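Chains as they are written, first to last, in my numbering: chain H, 40 to 515; chain L, 20 to 1133.
#1: Going along the chain, which unbroken runs of the alpha helix (DSSP H) with 4 or more residues stay wholly within the segment 863-937 of chain L?
#2: Between the Cα of residue 419 (chain H) and the Cα atoms of H:457, H:408, H:153, H:434, which residue gives the shortest distance?
#3: Between which two residues does the beta strand (DSSP E) holding residue 315 (chain L) run?
#4: Given this structure, state the Cα-to-Cα distance separating residue 780 (chain L) from residue 240 (chain L), to the nearest angstrom.
#5: List the endpoints of the continuous beta strand (DSSP E) containing residue 264 (chain L).
#6: Could you tell me whether the Cβ atoms of residue 641 (chain L) and residue 775 (chain L) are closer together than 9 Å?
#7: Going by C-alpha to C-alpha distance, which of L:877, L:890, L:235 sits closest to residue 1092 (chain L)?
#8: Who are the Cβ neighbours of residue 784 (chain L) in its own chain at under 8 Å, not counting the five residues just before and after it?
#9: What does the alpha-carbon distance come out to for the pair residue 848 (chain L) and residue 841 (chain L)?
#10: Residues of chain H with a CB under 9 Å from the CB of residue 1046 (chain L): which are they?
#11: Within 10 angstroms of the Cβ of residue 176 (chain L), are there 16 or more other Cβ atoms? Answer buried if so, exposed if not.
#12: Could you tell me whether the Cβ of residue 1033 (chain L) comes closer than 9 Å to any Cβ of chain H?
#13: By a C-beta neighbour count over all protein chains shown, 10 Å radius and 16 as the cutoff for buried, is residue 331 (chain L) buried or exposed?
#14: Quick one: what does DSSP say residue 821 (chain L) is sitting in, helix, strand or coil?
#15: Residue 865 (chain L): buried (16+ other C-beta within 10 angstroms of its C-beta) or exposed?
#16: Straight-line CA distance for residue 279 (chain H) to residue 94 (chain L)?
#17: Which residues does DSSP pair with residue 964 (chain L) in a beta bridge?
#18: So is residue 343 (chain H) in contact with chain L if we call contact Cβ pairs under 9 Å?
#19: Hey, does residue 478 (chain H) have any beta-carbon neighbour from chain L nearer than 9 Å?
#20: By how many angstroms is the C-alpha of residue 502 (chain L) removed from the C-alpha of residue 527 (chain L)?
#21: Excluding sequence positions up to five away, which residues of its chain have a Cβ less than 6 Å from the Cβ of residue 212 (chain L)?
#22: So which of L:586, L:580, L:435 has the shortest CA-CA distance to residue 598 (chain L)?
#23: With three or more C-beta pairs closer than 8 Å as the rule, is the segment 604-623 of chain L touching the segment 292-299 of chain L?
#24: Look up residue 708 (chain L) in the DSSP assignment and give the residues it is bridged to.
#25: Please classify residue 282 (chain H): does DSSP put it in a helix, a strand, or coil?
#26: Verify the CB distance criterion: does residue 1122 (chain L) have a CB-CB separation below 9 Å to chain H?
#27: Just to confirm the assignment, what range does the beta strand (DSSP E) spanning residue 507 (chain L) have?
#28: Here's the rule I'm using: 16 or more other beta-carbon atoms within 10 Å means buried, otherwise exposed. How should residue 287 (chain H) be labelled?
#29: Just curious, the alpha helix (DSSP H) that residue 259 (chain H) is in, first and last residue?
#30: Whose Cβ in chain L lies nearer than 8 Å to the Cβ of residue 290 (chain H)?
#31: From residue 951 (chain L) to residue 510 (chain H), what does the alpha carbon distance come to, in whole angstroms?
#32: Under the three-state reduction of DSSP, which class applies to residue 1065 (chain L): helix, strand or coil?
#33: Where does residue 449 (chain H) fall in DSSP's three states?
#34: Which residue or residues does DSSP assign as beta-bridge partners of residue 218 (chain L)?
#35: Which full runs of the beta strand (DSSP E) of 3+ residues lie inside the segment 631-677 of chain L, going along the chain?
#36: With 9 Å as the limit, tell me which residues of the segment 109-131 of chain L have their beta carbon closer than that to any beta carbon of chain H; keep them in chain order.
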């Protein structure tokens, strides 16, 4: 019968849809095999990138590293290792290649890296080679693609849609079967007026319309309420910032402690966006960025009034006009360009202009006409005014890791909001989190809990137990 | 007419059981004023049709959709460029400084957040105020953000400050104005500097240096409410024109002739602290307290706290003082003086006062607020005869808080009219065109002066007469010093960069600097060689340091420092180097020099003095003119916090009201002067025309218990006409100006009383009678007009339904008071009542003890103790609460509609004699009941209880049903009827500041800088109330947690507690069995308000005790 065929076809489709999902999810597993180069990249960024250009072709504070192994090919590999670990010692020893380099680059001294093992140096060299020859591009791209697949959560929406369609077809089919059976019953009973209900009649029947309206109301209500709750929430918000600051570079690769810059977190309600002078602690020494060169760092200098060319703070910077400022920083960008590329070409001029425009557009806005003054970052984590949140309570007292709420910020190039920052999210954590009850003298006043713990009646005290769900913990 | 009332009362209507009074008080939210006002404005005239409803619905839906689909606005996070080391965003920084306004002085700590001052706290290191503050000091932070402040120097022509209507346009620069002013000065110019009391040694030095360039300069110091007679009297008696140091704490008997020493006289914060130490009751057996007798006609704040009040007419003050002198002299073997005679029963009372004083020789204190030289000499003589000098008052650390003399300012006016003055400089605060008795003459004479310059921060009546206004900094932006008492110094340091100097404007400049610049003083002489100045060294490497240093007045800073190094550093021996000394003083804010005592013998001519005292007048009606706690002489009249703070005694806001006496017929009927104001409780007050000295004023009347028959009283300092820019001057025309009613006596001193020429019949009715006395009254009983039974006024409805079910609660416990002699009775009475209440409460269905055991007895359980005996009702706590908790100012109309928002109110109750009653002040705020009636009725659980015993209010949950407020027996919940804070406004809809439109107070960004960022700004439609300063609790707990230690007693103090000058309020953790709160909680005089209704409130009150001399009452 045709019905039978239809049903079996439907079942088949259903089965296909069910099996499709694991098949899609299967495609993870082996990523790129160039483990050495990856490690080399990290090491290079950690140790070398501050002085050596990462394109491996241009000189920076130190020489371009591309083809370094060829240049050292006349000597044993150990000499290169030693050079990297302790260059000054080799110069003193009078190693010919070392002396040759010293003559070229003095008085710049290369740092010692006694902690690097042979294999680590090999990795770095492999990475340098890969970048120099362009071999890393494909590899890295492949690797990133692989990672992207892993990170993506299996998306079930198509499956649900398929299921819904199948069920709808099933419903229609069943309705047809019923109407057919009814028709046959009536024919058997001798009702000559009997006729089959058409598909249109089924679809426009009162019952179905009522059902559809009901379903729409429920769905609509559900969506409205959900969206209303979500109003103002911005999980995943990752706006473009005036400076392309990379948490990955600073917190991930350089392993700078979060609280070095966000020094309010341990003692204040605000974690505090660091002032420009905090940046200057390091960037008075590191003047050219590993990723963007002078493009981003010069914005900090222009904000605070620091002239990187002469290593001084500009006198009376607040009163300087934009043209004078332009001269100072264009000169710096140009000088750096010359250092890297030998001379200013048209590309260089374009770059200088581009970077200067970047500075102007990042540091000014309709309300702030001057370049001087604070960098106006885009605020990512916004709590409503009626919510009181205190970082010190969570970081110092609760000893939470920053990542608990902010996610693996050290892995991200662009900062974003990791958690929903919804009340439900807060409350849930307060329900589950155990208070560090024994270590902190403060909690001694909770005498009964201490007794209960001592007698074994109670296992732990959660934030909820000491009033962490009460309104005026956060709303006042 | 002996009329004892054992209970307490709040006003006439309640005593008379006015049926309409009962009617208005049975509801929490009185309805009639709301509808009245709205319908007047036509807002309620139109009736909405169904079509309108649909229109609004459609619009609302559309708007909501539009708003919802809008993207979330991008918010900016702006960090510092160079973060100052001492600032951590989100953490408050405190700086020691001093509040100074004329002779008002209060050493303070300024709380700043992210560089902006938001709250004033008392400086506990001061041995003058000992950490107390006043309402004025608390409110001073708001005047820093006054939108009326001038952003630079301006020329003034024909009474108008010459500034462009375009706010973006810069006014003239300082160089321009300096040049013009200096061009009009010659070395021989006769210059007069008019000021209120100057307490700053540095300012005085600057004036000396100014004189070096302009030798014909004279300083004319006067005070708007003058004490010049005391200075003259002390000059005559002891050869020192100063005010002695008073020690109210050492006096067992205090007699005050019209001196409001707890409210306004000389140094009220200091005196209040001293006064209260000797009036605390710690135990019932052997309790001691001082006796305070006040002689006055109008009930002052001090008088309301007195044990006995003797009422004499203002003109009889002199006679009373002479009578006391003669009585004391008779007992101590002195000679009588002849002066005006006191007649009638009062003479007998004065005799008894003399008995009291003589039996407490050396431990008594007589003070007078009189500004009559003869009277003050007699007061000195009385204290001398009683041997009080050296014990309760002395000249060791004589007060410098009043230095103004009345005579020189009259001479000035004469010299000005005669054209003998070339230039007139008026210091900030001084406003002679308003607050002199002959202000009109001053105004006329001013036209004959070639150059007139005002240093005022804000426009005032005197500025309008000037040619230039060269505004000085607010004290929170200034460097300065104060010598409030001889040898006592304190520093003023800037806590914010001068606001108007940072927005591309010429900005303000300190008076001292302006003077010295005009004197061409060699400014580099103090700037050079400042090697000790670490700031200068840092400046080299960073341009921003230099800048900020300059902003906060590097010159004045160095000038003052030099003065301190040369003159004050040698006066101490504790520090070896000046730097150490300076750093220490800057940190502490106060410094007491090692000074030698100065004493001299009394050498006054009492007979001559007795001839000088004022003569009793035979006039039918006299009026006394007084200064109020909040408004002073008028200098605070642009401060909305103070304008809206109810006067403690008459409980009126936004204006001065003519106090009229209340009479009693011996039965249940009360009469008032000319039958005025029969409907006060309905928000209706009468307006009359009063003529004094030929000047008529239209005054709103308020009935005042304790006002002597045949006398009237009205406050000074109101009726200012120029307090700021058009549209922004909140203080303009608030109340009436009665300075013209003051006059000079024959010695040239201003007299603050007068005879009344006439009082008209009622000429109009005040439609916005902003008296809060009848608002939010609680637990008062009255006679039901229908049944004749005694009922609870505010629960009439409930009782009608419940058929007297609540009848047992008629005798409610709100105030307990008694006299010292019957202290044990009082203690038994309280105990009995409490036992009874607890018995009633034990029948509850709610197992409170179980909760207590399971929840409240561990961790914290917050609690408060208020000693009604220490509370003097000064209102400092009320303003402190407003500042701390972002409580909105609502304005006069709204107050009249019962919409005042204060979280803490000070209830005033009378007891005792109807015509001369005693007063109890009761600070009333949310009682944080563990068994709270408000919590059960909230349909959305927006108010609920915390495990620490706090009654929590969650604004974002509140839907505004107001059930909680209706159910609160203490009437402490406030509803935001309107968007008072403008918190609901979208940024784009903000009122335009450029136009001169009137903007709602607090809608501009400048005023909003005063907001406490830790407290939510409430918007329309939610209930709010006292939170026990939960933000401070949380902060204290967090500090303890971070330091890994237990929370100590007094780690958490509420704003009201820190503001209190007498230490009446103590906050703490009930579960902490040690500490101040635990000690206070053991007092047998403690009680809970309305304990019988089983609210289990967390605020304990200690009963009011008076030390009445019953004989004086007879």
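Built from N, CA and C at the ideal position, the CB exists for glycine as well.
Quick caveat, the model's predicted, so the values are computed rather than measured.
Reading it off the structure:
#1: 867-870, 895-904, 911-915
#2: H:457
#3: 310-315
#4: 41 Å
#5: 262-265
#6: yes
#7: L:877
#8: 703, 704, 705, 706
#9: 11 Å
#10: 511, 515
#11: exposed
#12: yes
#13: buried
#14: Low local confidence applies: a pLDDT of 42 at residue 821 (chain L) is under 50, so the model's placement there is unreliable, and no value is given.
#15: exposed
#16: 12 Å
#17: L:970
#18: yes
#19: yes
#20: 24 Å
#21: 238, 444
#22: L:580
#23: no
#24: L:717
#25: coil
#26: no
#27: 507-511
#28: buried
#29: 245-269
#30: The contacting residues do not exist; residue 290 (chain H) stays about 17 Å from chain L at best.
#31: 16 Å
#32: coil
#33: helix
#34: According to DSSP, which records beta bridges pairwise, residue 218 (chain L) is partnered with nothing at all.
#35: 641-645
#36: 109, 110
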